[in-house]
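Quick note on numbering: the sequence shown equals residues 70 to 260 in my numbering. The next block holds one structure in the form of structure tokens; read it before the comments.
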Amino acid sequence: MDTRVLVSFGALYGPLIFGYDEWWRLLSAMFLHGGMTHLLMNMFSLYIVGRPAQIYFEKRAFLAIYFFAGLIGAVASLAVHPQSVGIGASGAIFGIFGALAGFFLVHRERIGAQSKMFMKNFGVIIALNVLLGLSIPSIDMSAHIGGLAAGLIGGVLLSYNPRWWLFYSVSMVLAVCSALFYLQGSYASVL
70 MDTRVLVSFG ALYGPLIFGY DEWWRLLSAM FLHGGMTHLL MNMFSLYIVG
120 RPAQIYFEKR AFLAIYFFAG LIGAVASLAV HPQSVGIGAS GAIFGIFGAL
170 AGFFLVHRER IGAQSKMFMK NFGVIIALNV LLGLSIPSID MSAHIGGLAA
220 GLIGGVLLSY NPRWWLFYSV SMVLAVCSAL FYLQGSYASV L
């Protein structure tokens, strides 16, 4: 899809975010995709990791992890490539994957074999994604890594107490605002 069309629809794009205060792009980019293949791959991935995550996390916790992993992924993408156009829900989906990893890390003694199997599969999936990311230039590894990290933090925290979803949400808002404040100052002269 033409990048100008994606930008006009609300893609992540540093010059418009920092230069024209179009902060809403941090959210809208999660709902845009580069075509049917991109959309179907993301929806299939969300189905694969989302189903087990809904078993281990209540709805509010699941939504908080998804939403904030997507935001942190967008911020990570802006930090690494402020001049690039970014779209997709991969950061959010990697966040759900990271949350499952956090859950299984916290409960590895209690769950045992299931936890071990998940962590083995987790390593394989991460390795495959790194290989794909290195071989396909349009894949934004920074968004994936940012989302994964935000999800891992959420998974660990919410594994101890699912009611802490509000604390997690406030923490992520503060992290996003702090990072954007830093990036705004860092890129003011560049953009």
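Positions of the beta carbon are idealized from the N, C-alpha and C atoms, including for glycine.
(1) If you follow the alpha helix (DSSP H) that S207 is part of, which residue opens it and which one closes it?
(2) Measuring alpha carbon to alpha carbon, tell me which of L109, M70, A148 and Q123 ends up nearest P84.
(3) What does L81 pair with, by DSSP beta-bridge criteria?
(4) Do the region 108 to 118 and the region 145 to 165 touch if we need at least three Cβ pairs shorter than 8 Å?
(5) In this structure, does DSSP put T178 in helix, strand or coil?
(6) Nearest-angstrom Cα distance between K128 and A98?
(7) Quick check on I141: buried or exposed, where buried means 16 or more other Cβ atoms within 10 Å of its Cβ?
(8) Quick one: grab the DSSP three-state call for Y256.
(9) Counting along the chain, where does the alpha helix (DSSP H) carrying A143 start and finish?
(10) So that I know if they touch, is there some Cβ in chain D lying closer than 8 Å to that of P231?
(11) If the criterion is Cβ atoms closer than 8 Å, does the pair F163 and L217 meet it?
(12) Decide if G167 is buried, meaning its Cβ has at least 16 other Cβ atoms within 10 Å, or exposed.
(13) Tell me the residue span of the alpha helix (DSSP H) that contains F113.
With the given structure in hand:
(1) Within the sequence shown, numbered from 1, the residue matching residue 207 stands at position 138. Taken as a continuous stretch (DSSP letters only), S207 belongs to no alpha helix (DSSP H), as it is neither H nor E.
(2) Here residue 84 refers to the residue found at position 15 of the sequence shown. Among L109, M70, A148 and Q123, the Cα nearest to that of P84 is on A148.
(3) The residue you call residue 81 lines up with position 12 of the sequence shown. Bridge partners of L81: G155.
(4) yes
(5) Position 109 of the sequence shown, counting from 1, holds the residue named residue 178. The question names Thr, but residue 178 is Glu in the sequence shown. In this structure, E178 counts as helix in the three-state DSSP scheme.
(6) Translated into positions along the sequence shown, residue 128 becomes position 59. Translated into positions along the sequence shown, residue 98 becomes position 29. The alpha-carbon atoms of K128 and A98 are separated by roughly 23 Å.
(7) Translated into the one-based positions of the sequence shown, residue 141 becomes position 72. Answer is buried; the Cβ neighbour count reaches 16.
(8) Mapped onto the sequence shown, residue 256 falls at position 187. Residue state, collapsed to three classes: helix.
(9) The count along the sequence shown starts at 1 and reaches residue 143 at position 74. It spans K128 to V149 - the alpha helix (DSSP H) in which A143 sits, taken as one unbroken run.
(10) Chain labels in this structure do not include chain D; a single protein chain is all it has.
(11) For the purposes of this step, residue 163 is taken as the residue at position 94 of the sequence shown. For the purposes of this step, residue 217 is taken as the residue at position 148 of the sequence shown. It is a contact, given that the beta carbons lie within the stated cut-off.
(12) For the purposes of this step, residue 167 is taken as residue 98 along the sequence shown, with counting starting at 1. Result: buried.
(13) Here residue 113 refers to the residue found at position 44 of the sequence shown. Segment M105 to Y125, the alpha helix (DSSP H) holding F113.
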